[in-house]
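Protein chains in written order, with our numbering: chain A, 5 to 384; chain B, 997 to 1304.
And the structure:
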């Protein structure tokens, strides 16, 4: 393992050097394109900043460094393969099972190296943190206006890509009364049945579940405490099983036949292995969250990074996410234009009506601290 | 060991006193130390450098890198203070109970015939179990003892009364139970050499002078074994103090433990921009472990008097 990795790194370094040399020579031979793509913030319909110029520049870079993209997550395996096939750009995916925190650490630590991440896919708090540290290069994709204003940074530092709603999944063979809402989870029939995927102090999904429970119990984006109280109550009456390894296996073996998680992960990870598995968006709470894309300000492959974003926010990229059960951020535009992949769209529980809202960064930060301080104290 | 080396070196120099030349002596000394160079480099890169990095980060703001005491302040208040308390308490219990239990098991196989099958099986199995931990261990307990667990099923079959409440698995008792799983075999492995240091001749001598079993343990065996035993307890303390994944997987953060909190701060997907608070907690853990190791070294030195 170790050895082959070292060889790969050397080869990657060598190939990057070759490409760098190739780029250098092509520029000096004078094809008129001395564009510094790391400074380009949006494309123009023609000229040196056009889509075709970007494709050309990205193809001559020939390399894209992504990080923490599991191939079975939100269809990323197919997305990466399709991108490589289309543009002949090799993708290196560092630490596929890593976390948002590790993505930021990698951008900071590997600055200036050819293997440093070009693009990241991070939870919103981390996108905000990165923007505060000036880690991102602002960029607005061609479909910028289709991304809801609440889901993007006005400057273009980061932008929502895909996500979903907090949902309740259950195995009907073990759960006789279908749960419909957070309030319904207090039913004594659900003793030792309800789980989260992980600790809300660690996992974004579990944190969102607590936030959603707060909204269902008189809380608000500014007040997550009722959500903590709700799970404390579930624990007290014996319904909540606080294991941190909630997922397909704990649903299958009956440890947590009811799992509160993202709708798209329940659909992509649990449903295929649990016959008849049902997913509902709780009637008393709508809590959505989207991951964010951002381009590293010090990306070693600045053109490929921008082309990757253009690709992800194209109709093709958006539908590929949808095929992985993740709701792409431009979904409503796809539906309106009739370009949505109908089968994939119908596989998800219907989206709740109403416009998307999110906690502000400040509300989110407050909620994080409250959960961190109170979760063990109140629920334990 | 360290203080033995110069003495040995001196006697060696005396023995080869006939050989002249100061330079060759220096070369020889350098060669002798060259042997520890790889280890020295390993310690410097693997232990000293990260420790210094942690110590520096602990006193810097996570965003601006400005010098600050706020990380340390947060680390000793609120849930992080509770975490330290819980970690220390849990580690003490998870050292003493498996320590005593492991000593009894080790004594049982020590008295078994040397080289017997039982003894070999127990020692080998201990080596395996002592290294079993993390999420697989947590899943093993969940698969056995949760609501739908295999063992829970058996217990229901043999008794109509509720003798096992599966929800007990997901709190500090569950962590204790899971830690026993690797702490007891670890104790067996580390206390066995000390037991083997108890020479049969001492016991025979005591018996010849009319000592009862109690008197032998009170005045001979016990005092000889005590420093080793306490030293082993400290190792067990360190082992459970630093354990992380099992507790996290079993309790989902509902039990505040420092190691789990550091994980949430450094690798989590929820708490952003507080990495250096994680380093502050790590620094506190390092200080506690250093204190434990100093005590351990002192005890080992005492124990070594009898185990030569």
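The beta carbon of each residue, even a glycine, is placed where N, CA and C say it ideally should be.
Residue 267/A and residue 1259/B have their C-alpha atoms spaced approximately 26 Å apart.
Contact annotation for residue 203/A against chain B: 1244, 1247, 1248, 1249, 1250, 1256, 1260, 1264, 1266 [CB-CB distance below 9 Å, chain order]. Nearest CB-CB separation between residue 207/A and chain B: below the 8 Å threshold. In the DSSP secondary-structure assignment, residue 68/A is bridged to 95/A.
In the three-state reduction of the DSSP assignment, residue 200/A falls in the strand class. Under the 8 Å criterion on CB atoms, residue 1047/B is classed as non-interfacial with respect to chain A. Shown here, residue 174/A sits in a strand according to DSSP, grouped into three states.
Around the Cβ of residue 101/A, a 10 Å sphere holds fewer than 16 other Cβ atoms; the residue is exposed.
Considering only beta carbons, the part of the segment 1133-1147 of chain B lying closer than 7 Å to chain A consists of 1134, 1135, 1138, 1139, 1142, 1143, 1144, in chain order.
Under the 8 Å criterion on CB atoms, residue 1066/B is classed as non-interfacial with respect to chain A.
Annotated three-state conformation of residue 1251/B is coil, per DSSP. C-alpha of residue 1250/B to C-alpha of residue 187/A: approximately 21 Å in a straight line. Counting every other CB atom within 10 Å of its CB across the protein chains shown gives residue 1227/B a total of 16 or more, marking it as buried. Here residue 1105/B is buried, its C-beta having at least 16 other C-beta atoms within 10 Å. With 16 or more neighbouring CB atoms inside 10 Å of its own CB, residue 175/A falls in the buried class. In the DSSP assignment, residue 282/A falls within the beta strand (DSSP E) that extends over 282-284.
Residue range 1066-1071 is occupied by the alpha helix (DSSP H) that includes residue 1070/B.
Secondary structure note for residue 263/A: its beta strand (DSSP E) is the uninterrupted segment 262-266.
The beta carbon of residue 1166/B sits closer than 8 Å to some beta carbon of chain A.
Taken through DSSP and simplified to helix, strand or coil, residue 1143/B comes out as coil. Of 1178/B, 1056/B, 1035/B, the smallest CA-CA separation from residue 1242/B is found for 1178/B. At least one beta carbon of chain B lies nearer than 8 Å to the beta carbon of residue 249/A. Under DSSP, the beta-bridge partners assigned to residue 299/A are 123/A, 141/A.
Residue pairing by DSSP places residue 244/A opposite 198/A in a beta bridge. For the segment 1052-1066 of chain B, the beta-carbon criterion of a distance under 7 Å to any beta-carbon of chain A is satisfied by 1059. Interface residue (Cβ-Cβ distance to chain A less than 8 Å): residue 1293/B is not classified as such. Secondary-structure assignment with DSSP links residue 227/A through a beta bridge to 224/A. Under the three-pair Cβ rule at 8 Å, the segment 135-154 of chain A does not count as touching the segment 236-246 of chain A. In this structure, DSSP gives residue 331/A an extended state, which the three-state scheme calls strand. In this structure the segment 251-271 of chain A touches the segment 203-216 of chain A; the number of beta carbon pairs closer than 8 Å is three or more. Under the criterion of beta carbons closer than 8 Å, residue 117/A and residue 1075/B do not qualify as touching, at roughly 37 Å. Per DSSP, residue 117/A is not a residue of any alpha helix (DSSP H), being assigned neither H nor E. Linking residue 139/A to residue 1058/B through their CA atoms gives a straight-line distance of about 14 Å. When DSSP states are grouped into helix, strand and coil, residue 167/A belongs to the strand group. For the segment 215-246 of chain A, the beta-carbon criterion of a distance under 7 Å to any beta-carbon of chain B is satisfied by 242, 245, 246.
C-alpha of residue 1150/B to C-alpha of residue 197/A: approximately 20 Å in a straight line.
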